[in-house]
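If you use the numbering used here, the sequence shown corresponds to residues -14 to 295, in order.
These notes are about the structure you will find just below.
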Amino acid sequence: MSAAQALTGSIAASHVIKWLRAWYSTDMPDAIDLEILRQMLPSTPYGTGVREIKQPVQFNEDAFEGMLARDPNDHEVWGIAYNGRSRPERQRFTIAHELGHFILHRGQQQSFNCDKQSVHTGIDTLRDIEREADDFASNLLMPGDLLRSWISNQRIDFRVLGDIAKRFNVSLEALCIRYIKFTTDRAILVYWDNGYMKYEWRSGSARRTRARIRRNGEPVEPMPGTLAADASITQEWDGTEMSAAIWCPEEAQHMKLREFKHSYNTRDRVLTLLLLESAEPRSWDRSWQDEESFDSFDQFVSNGQLPDRR
Ligand SMILES: [Zn+2]
């Protein structure tokens, strides 16, 4: 496999971070300045054959979240557009995602139209290039070394994660997805849309210990007894401790977890974070086999994240 074929979102992000840190030499801000990166990229090895990436332009059409396209009149120029109705931190993530397409995929396509799901969730039903661009954005905006130093020796809760999200200028959702892929603890993130599960992310150790939430049919709804199912509770940022078996039926009776809940303004969208007590891996269990295909993408991602490998 050639070096070009092996380039992934996380590897590209780690190189870009290195170049940015060299450019600043000292005092690089925690929130990466995408303007500087946009201007820098054409002069780096990732900008071969490109003279300019134009300043991103806003558009207010909900069909797209972001777009990258080559100038039809000048093939050495590329442009980015993003949804101006999104929150500022989502606009940043979208621009980073489009820069990811620029670095990783511009040899394959002349233009990229990305919807909300492609840009912000990284879920396993997406096309490979969307997941790679998400991975690039996530690793670029939330560098692993900073994240590690800020979460180590900390009791994690939504306040800690929310503060880190502010420092990086990313959404709580983006930070939580990054955290789940990063942490060595057992953690599960669920996003609910109108009462139904939209996606679920599990940390590597949650998968290895086969911690997974109870399925009550398709589409999945939160189980009774959880904060997620309790409409009278909209926010729980400090966490509520409960028996892990309420969420994960295969957990031992003595196992505990802490459940966190964040409801968005409209309240029909909810982010749930579950932090479970540690447990021994159960990878020799036969039913591990059944989970293999479902989890192959997650494993691919955690194995492929070079800067985070441990
Ligand atoms: Zn995309």
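Just so you know, even glycine gets a beta-carbon here, dropped at the ideal spot from N, CA and C.
Whether residue i touches residue j by CB criterion (9 angstroms)
| i | j | result |
| --- | --- | --- |
| Ala150 | Ala172 | no |
| Val62 | His82 | no |
| Gln95 | Arg55 | yes |
| Asp253 | Asp178 | yes |
| Leu131 | Phe153 | yes |
| Phe87 | Ile114 | no |
| Pro41 | Ile17 | no |
| Thr257 | Val175 | yes |
| Ser188 | Ile165 | yes |
| Ala216 | Ala229 | no |
Delimiting residues of the alpha helix (DSSP H) encompassing residue i
| i | result |
| --- | --- |
| Asp18 | Looking at the DSSP string, Asp18 is not in any alpha helix (DSSP H), and its letter there is neither H nor E. |
| Arg163 | 157 to 167 |
| Val104 | 101 to 105 |
| Ile136 | 129 to 136 |
| Val145 | 143 to 153 |
| Val1 | -6 to 9 |
Of the listed residues the options, nearest to residue i (C-alpha basis)
| i | options | result |
| --- | --- | --- |
| Arg163 | Thr106, Ala216, Arg112 | Thr106 |
| Thr169 | Arg112, Gly129, Pro207 | Gly129 |
| Ala(-3) | Leu84, Val255, Asp223, Gly180 | Leu84 |
| Tyr31 | Arg91, Ser188, Ala48 | Arg91 |
| Ala196 | Val205, Gly34, Cys233, Asp47 | Cys233 |
| Tyr249 | Asn58, Glu236, Glu221, Ala66 | Glu221 |
| Cys161 | Ser228, Thr194, Ser137, Ser123 | Ser123 |
| Leu19 | Ser10, Glu158, Lys39 | Lys39 |
| Ile231 | Gly202, Ile198, Val255, Gly224 | Ile198 |
| Ala159 | Arg72, Gln43, Asn58 | Arg72 |
Start-to-end residues for the beta strand (DSSP E) that takes in residue i
| i | result |
| --- | --- |
| Ile65 | 62 to 68 |
| Val175 | 171 to 178 |
| Glu221 | 220 to 228 |
Distance cut-off 8 angstroms: residue i Cβ against heavy atoms of ligand 2
| i | result |
| --- | --- |
| Gly92 | As for ligand 2, it is missing from this structure, which binds only ligand 1. |
Supposed close pair residue i, residue j - CB separation, criterion 8 angstroms
| i | j | result |
| --- | --- | --- |
| Asp120 | Ser(-5) | 5 angstroms |
| Lys241 | Glu226 | 6 angstroms |
| Leu(-8) | Ile141 | Actually they are not in contact, since the Cβ atoms of Leu(-8) and Ile141 sit about 32 angstroms apart, beyond 8 angstroms. |
| Glu244 | Thr219 | About 14 angstroms separates the two Cβ atoms, so there is no contact after all. |
| Arg6 | Met13 | 5 angstroms |
| Arg77 | Leu126 | 7 angstroms |
| Phe49 | Asn68 | 6 angstroms |
Beta carbon proximity, residue i to chain B, threshold 9 angstroms
| i | result |
| --- | --- |
| Pro30 | Checking the listed chains, one finds no chain B in this structure; it contains a single protein chain. |
Where the beta carbon is closer than 5 angstroms to any heavy atom of ligand 1, which residues qualify, in chain order?
-> Cys99, Ser103, Glu115, Ala118
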